[in-house]
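Report on the following structure.
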Amino acid sequence: MKVSQIMHTHVEVATSDSTVSDLLPLFFEKRLNSLPILDKKRKLVGIVVREDVLRLLYPDYQEYVREMMATEELDAFDKDFGDVLQVKTKDIMQTELQTTTPTTSVMRALAKMIAHHVDQLPVVRDSGSLVSIVTKADIFYALYKTNKKRIHR
0 MKVSQIMHTH VEVATSDSTV SDLLPLFFEK RLNSLPILDK KRKLVGIVVR EDVLRLLYPD
60 YQEYVREMMA TEELDAFDKD FGDVLQVKTK DIMQTELQTT TPTTSVMRAL AKMIAHHVDQ
120 LPVVRDSGSL VSIVTKADIF YALYKTNKKR IHR
């Protein structure tokens with residue numbers, strides 16, 4: 000089975016000039032884990048995952064615990080969140096990307112996700128332009144669907 004057989008047909012994207020405020024509705028209303036970032040020629044230049052946005056607020060767990068224990072710090076959270084909303088995608092996007100192609104086998108794509116600790120891979124043409132995205136969930140669902148008869152004996 001190839002990636003082209005299971006990849007999403009519609010992909011939400013953003014640009015490097017988008018702000019966190021632009022991304023949040025896409026992450027939460029559409030329940031996305033990541034957003035590919037494209038340049039004007041639809042070439043993939045980065046990706047933002049939800050954790051990248053969360054790291055802007057609390058860069059590490061220990062700092063989070065310290066601030067949450069100090070009640071006076073909670074009022075500062077609203078101000079900090081307002082600042083985070085204005086951050087540009089280009090300042091937080093990951094640019095060292097793991098990608099796949101439509102002709103890659105789904106098992107090779109899954110192996111790449113596991114090896115690189117990512118939950119999704121942008122699907123690109125040889126030119127670097129974005130075609131789609133494939134997730135671990137897509138692969139697991141396709142494997143289940145393909146092997147359903149073997150599972151339900």
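Residue numbers (numbering that gives the first Met the number 0): 0 to 152. Idealized CB from N, CA, C, for every residue including glycine.
- Cβ neighbours of V83 within its own chain (closer than 8 Å, five residues either side excluded): V19, V52, L55, L56.
- Apart from sequence neighbours up to five positions away, no residue of its chain approaches R107 with a beta-carbon distance below 6 Å.
- P101 carries a coil assignment under DSSP once its states are collapsed to helix, strand and coil.
- Under the DSSP assignment, V133 falls in the beta strand (DSSP E) whose first and last residues are 129-134.
- Within the same chain, Cβ atoms closer than 8 Å to the Cβ of L129 are found at V10, V12, P35, L37, R41, K42, L43, P121, V122, V123, the five residues on either side in sequence being excluded.
- For F26, the CB contacts under 6 Å within the same chain, skipping 5 residues up- and downstream, are R49 in chain order.
- Secondary structure at L96: coil, using DSSP grouped into helix, strand and coil.
- Around K29, the same chain offers E11 as residues with beta carbons nearer than 7 Å, after the five sequence neighbours per side are excluded.
- Going by DSSP, V19 is part of the alpha helix (DSSP H) stretching over 19-28.
- K1 and R149 have their C-alpha atoms roughly 21 Å apart.
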